[in-house]
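**Student:** Just so we're aligned, residue 1 is where the sequence shown starts under the working numbering, counting upward by one.
Virtual Cβ for every residue (Gly too), placed ideally from N, Cα, C.
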Amino acid sequence: MKRMGFSTIAIHVGNEPDLATGAVSVPIYQTSTYAQEGLGKHKGYEYARTQNPTRSALERNIAALEGAKFGFAFASGMSAIDAVLKLVRTGDHVILGDNTYGGTFRLFNKVLSNYGIEFDLVDTSNPENVERAFKPNTKMVFVETPTNPIMTITDLKAVSEIAHQRGAKVVCDNTFMSPYLQRPMEFGVDIVVHSTTKYLNGHSDSVGGFVALNDEEDAEWIKFIQNSVGAILSPFDSFLVLRGTKTLAVRMEKHDQNGRAVASYLADHPKVKKVYYPGLPSHPQHELAKKQQKGFGGMIAFETGSLENARTVLESVRLCTLAESLGGVETLISHPATMTHASVPKERREKLGITDGLVRISVGIEDVEDIIEDLEQALSKL
Ligand SMILES: *Cc1c(COP(=O)(O)O)cnc(C)c1O
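What follows is the structure in structure tokens.
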């Protein structure tokens with residue numbers, strides 16, 4: 001049979017009508033255990049940390065969306081990333097993108113370092129830097145593309161080739177794009193992770209994470225970790241994300257459309273010094289973004305010039321909500337230097353371009369005229 005289209009997969013894989021009742025929506029199996037017919041005789045479900053039908057449905061669904069054979073749902077994006085890092089051991093070295101999500105850096109810097117896992121921060125937007133950073137004990141390359149909030153792109157195909165020639169695995173945090181806009185495995189990436197908290201769930205009402213991969217042995221280990229450590233996604237959250245992915249394609253189309261419109265509005269605004277958005281022809285990696293992504297999405301950062309200007313914009317908006325997080329239907333606006341990137345030392349932040357005047361927007365799917373009008377009244381106060 002011909003491979004189904006993305007939206008068909010999103011709506012149907014994992015969402016087959018319930019065998020017992022015919023329920024069209026996957027039920028929330030809110031149970032901790034399952035009755036067994038006899039000793040060692042059961043329906044494949046013994047205890048809900050190990051197996052839960054609602055979670056299994058979601059796992060099949062997102063794995064299919066990423067084009068992966070296996071998928072595992074976790075209690076948060078961070079616990080998904082932590083599980084993936086249990087594929088490396090004491091004495092191993094990891095090449096980590098120099099501008100990953102703050103929590104990922106913190107996990108390496110403050111937690112994994114206590115267990116003898118070495119890492120180097122590398123600007124992976126130039127594949128040559130990745131090549132140079134390789135050591136004999138390098139086992140993994142961990143990248144995020146586009147990065148938060150400067151929207152730097154890593155060439156997934158080039159980095160995967162470099163890593164595979166040297167026997168290392170590539171992990172891509174695909175949270176910013178979602179599988180609708182970017183499918184890292186098509187470029188050779190071995191493992192995809194997500195914070196489902198963002199676009200996959202899409203409604204700002206659940207925290208979760210996901211690991212998708214193809215290697216059977218690694219998948220067995222991730223499954224073992226999921227059960228051994230126990231940071232599983234709850235049945236209710238699994239239901240919410242499963243509901244979210246049904247509309248992923250239409251939501252991402254709209255985020256992308258609105259993102260492009262807001263970015264070009266900001267790029268033309270006299271008070272805005274710089275706009276970071278891969279969809280703008282002025283973005284240094286616009287061509288690579290076009291090749292690797294199906295669209296550019298709804299994440300934009302822009303430079304207002306000073307902390308005072310950023311504060312004025314952030315405190316003047318009325319429709320856009322001042323909040324951390326991203327990927328929901330509502331437009332969220334934030335200040336990376338004091339919010340998401342507060343734990344990054346100022347010197348490092350400035351080097352990455354995360355100045356005190358930088359503002360980040362997660363463009364929602366409201367009517368774009370309303371979003372622009374709100375930004376217009378806020379920027380007019382500068
Ligand atoms: C939010 C986020 C995470 C962490 O996910 P949680 O669900 O908050 O634990 C990881 N990576 C990226 C890119 C994120 O945006």
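(1) What is the rounded straight-line gap between the Cα of ALA158 and the Cα of LYS346?
(2) Taking the runs of the alpha helix (DSSP H) that are 4 residues or longer, which of them lie wholly in the stretch 45-97?
(3) Per DSSP, ALA212 is paired with what?
(4) How about LEU326 and SER362: do their beta carbons lie closer than 8 Å?
(5) Assuming PHE239 is part of the alpha helix (DSSP H), what are its boundary residues?
(6) How would you label GLY44, buried or exposed, when you count the other beta carbons within 10 angstroms and need 16 or more for buried?
(7) What first and last residue would you give for the beta strand (DSSP E) that runs through VAL141?
(8) With 16 as the cutoff for other CB atoms within 10 Å, does THR8 come out buried or exposed?
(9) My assumption, with CB atoms under 8 Å, is that THR21 sits in contact with ASN227. Please give the rounded CB distance.
(10) Taking the C-alpha atoms as reference points, what is the distance between ILE95 and GLU376?
(11) Which same chain residues, not among the five before or five after LEU379, have their C-beta less than 8 Å away from its C-beta?
(12) Here's the rule: buried if 16 or more other CB atoms are within 10 angstroms of the residue's CB, otherwise exposed. What is PHE389?
(13) For ALA301, which beta-bridge partners are listed by DSSP?
(14) Quick one: using the 10 Å Cβ neighbour count with 16 as the cut-off for buried, is SER113 buried or exposed?
(15) Mind checking if GLU220 is an interface residue toward chain D, Cβ cutoff 8 Å exclusive?
(16) What is the DSSP secondary structure of ILE28, counted as helix, strand or coil?
**Tutor:** Once the coordinates are examined:
(1) A straight line joining the alpha-carbon of ALA158 with that of LYS346 spans about 31 Å.
(2) The stretch 45-97 contains these whole alpha helix (DSSP H) runs: 53-66 and 77-84.
(3) According to DSSP, ALA212 bridges with GLY71 and VAL192.
(4) In contact: LEU326 and SER362 (Cβ atoms closer than 8 Å).
(5) Bounds of the alpha helix (DSSP H) holding PHE239 are 235-246.
(6) Looking at its Cβ environment, which holds fewer than 16 other Cβ atoms inside 10 Å, GLY44 is exposed.
(7) First-last of the beta strand (DSSP E) with VAL141: 138-144.
(8) That one is exposed.
(9) That pair is no contact at about 28 Å.
(10) GLU376 has its alpha-carbon roughly 41 Å from the corresponding atom of ILE95.
(11) Cβ within range, chain order: HIS269, LYS271, VAL272 and VAL313.
(12) Outside the shown range of the chain (1 to 382) lies residue 389, about which nothing can therefore be said.
(13) Bridge partners of ALA301: TYR276 and ARG360.
(14) It is exposed - the Cβ of SER113 has fewer than 16 other Cβ atoms within 10 Å.
(15) Any reference to chain D falls outside this structure, which holds one protein chain only.
(16) Coil.
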